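Working notes, structure below.
Numbering (this note's numbering), first residue to last: 1057 to 1148.
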């Protein structure tokens, strides 16, 4: 049962990574598409705290046209996936 829970959690983190990637590509190619807007409803609330954190520590990045928050979100998702996999191995 515990293995199943870990597998589902790892799968959800991987799906979130793919949704983030799809959203970024769609935002570049079709910014007003209904699927882009739908994905944005779920992705943007996750990116905003990372943007705030980046702006707090590196204020000059706020004036640049590059948004580094998706990189931070992707790194956090990868760390979460790695930690879940590690915890699964340790506990089982």
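Even for Gly, the Cβ is constructed at its ideal location relative to N, Cα and C.
For clarity, every value in this text was computed on a predicted model and none was experimentally measured.
- About 6 Å separates the Cβ atoms of residue 1076 and residue 1130, confirming a contact at the 8 Å cut-off.
- Residue range 1090 to 1113 is occupied by the alpha helix (DSSP H) that includes residue 1113.
- Residue nearest to residue 1133 within the set 1097, 1114, 1059 and 1065 is 1065 (criterion: CA-CA distance).
- Around the Cβ of residue 1121, a 10 Å sphere holds fewer than 16 other Cβ atoms; the residue is exposed.
- Counting other Cβ atoms within 10 Å of its Cβ, residue 1080 reaches 16 or more and is therefore classed as buried.
- One alpha carbon belongs to residue 1104, the other to residue 1098, and they sit about 11 Å apart.
- Annotated three-state conformation of residue 1121 is coil, per DSSP.
- In the structure shown, residue 1084 adopts helical secondary structure according to DSSP, grouped into three states.
- Annotated three-state conformation of residue 1148 is coil, per DSSP.
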